Amino acid sequence: MQNRTDDACDVVVVTGTGGIGSAVARRLGSGRTLVLADAFREQLDRAVDSLRAEGYDARGVLADVSDRASVEQLARTASGAGRLTAVVHTAGVSAATASVRAILDVDLLGTVYVIEAFEKVAVRGTSLVCVASVAGHMASIGAEDEAALTTAPAENLLAVDAVTALGDDDTVAAYILAKRANLVRVQAAALAWNQRGARVNTVSPGVISTAMAKAEADGESGEHMLKMLDACGAGRPGTPGEIADAVAFLTGPEALYVTGTDLLVDGGQSAWIRRHMQDG
């Protein structure tokens with residue numbers, strides 16, 4: 001059963017159909033038009049079919065967040081489907097499975113494209129949440145480079161000194177840099193979104209039980225990552241549903257006065273790194 005054509009439906013957009021994206025779609029999509037976007041047709045179709053089978057009004061849009069024109073088309077399509085209520089940007093790649101260039105194209109530039117494209121179509125009440133990472137809180141970047149990452153036009157970002165200094169194999173450093181950029185770009189974007197009566201925030205997950213996290217755990221740093229979860233007292237990774245709950249808060253009525261900030265959801269891992277790791 002679809003929405004009546006005379007109803008002004010609320011629209012929720014989710015980029016990325018992985019573990020977090022799917023959890024967010026289910027958490028926010030009930031009674032709304034759900035626009036899912038992914039760069040891979042098979043994965044997108046599978047996610048849409050699954051959600052439709054569960055009663056969601058889901059539709060898929062093939063979109064590559066590393067392509068500005070593709071993101072702008074997604075924004076136009078979504079805004080034309082009804083009242084743009086929430087946009088949740090979960091699409092991304094990891095240091096364990098992607099190249100430096102892919103990380104910069106998808107995690108860094110892709111997030112900038114999403115912020116800018118959806119700001120153009122945001123209406124009063126629209127809330128954008130970009131999924132960043134605890135890694136962004138671990139970055140050590142000079143003030144000049146951070147200022148450039150915060151405000152430089154997208155076409156100039158890959159020329160920032162901190163970016164050009166990355167080696168071809170520095171995937172972890174590239175990921176940390178990209179996620180730091182996510183945090184500061186959202187801070188800088190908050191003014192423009194506020195002026196439209198809209199909001200923009202980030203969520204920074206720690207280790208979450210997804211396919212991407214499994215790839216990290218199976219990689220060179222996996223054992224260290226799992227030991228840190230025990231050392232910080234969490235004793236387990238988080239679940240996609242816990243990130244979806246955080247997103248639901250930031251896109252909901254309880255967070256109307258929350259914008260331009262980050263919600264860290266990491267089981268206390270970053271606090272342990274800052275305040276206790278040296279004691280171990």
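Counting from 1, one number per residue, gives the positions in the sequence shown under full-length UniProt numbering.
Backbone N, C-alpha and C define an ideal beta-carbon position, used for all residues, glycine too.
Since we're looking at a predicted model, the values are computed, not measured.
Report yes if the C-beta distance between residue i and residue j is below 8 Å; otherwise report no.
i	j	result
Val184	Leu149	yes
Ser99	Thr171	yes
Glu155	Ala117	no
Ile115	Tyr175	no
Asn182	Leu263	no
Ala63	Leu74	yes
Val123	Ala192	no
Leu250	Ser50	no
Ser238	Val203	The question names Ser, yet the displayed sequence has Gly at residue 238. Contact flag unset, no.
Val61	Ala244	no
With a 10 Å radius around its C-beta and 16 neighbouring C-beta atoms as the bar for buried, classify residue i as buried or exposed.
i	result
Phe40	exposed
Thr151	exposed
Asp10	buried
Glu223	exposed
Gln2	Caution is warranted here: a pLDDT of 47 is assigned to Gln2, below 50, making its placement in the model unreliable, and no coordinate value can be reported.
Arg4	Confidence at Arg4 is low in this model, with a pLDDT of 46, below 50, so the placement of that residue is unreliable and no value is reported for it.
Ala159	exposed
Beta strand (DSSP E) containing residue i: first to last residue?
i	result
Thr33	Thr33 to Asp38
Thr202	Arg199 to Pro205
Assuming residue i is part of the alpha helix (DSSP H), what are its boundary residues?
i	result
Val247	Pro240 to Thr251
Gly21	Gly19 to Leu28
Thr60	Contrary to the premise, residue 60 reads as Gly rather than Thr in this sequence. Per DSSP, Gly60 belongs to no alpha helix (DSSP H); it is in the beta strand (DSSP E), Asp57 to Leu62.
Does the contact criterion of 3 or more C-beta pairs under 8 Å hold for the segment 159–167 versus the segment 75–94?
no
Only counting runs of 4 or more residues, tell me where the alpha helix (DSSP H) segments fall wholly within the segment 148–177, in order along the chain.
161–164
Does the segment 31–38 come within contact of the segment 254–268, defined as at least 3 CB pairs closer than 8 Å?
no
Three or more beta-carbon pairs under 8 Å between the segment 266–279 and the segment 106–113, yes or no?
no
Are at least three pairs of beta-carbons, each pair with one atom in the segment 140–148 and one in the segment 61–75, less than 8 Å apart?
no
Report the residue ranges of all beta strand (DSSP E) runs contained in full by the segment 125–151; include only those spanning at least 3 residues, in chain order.
127–131
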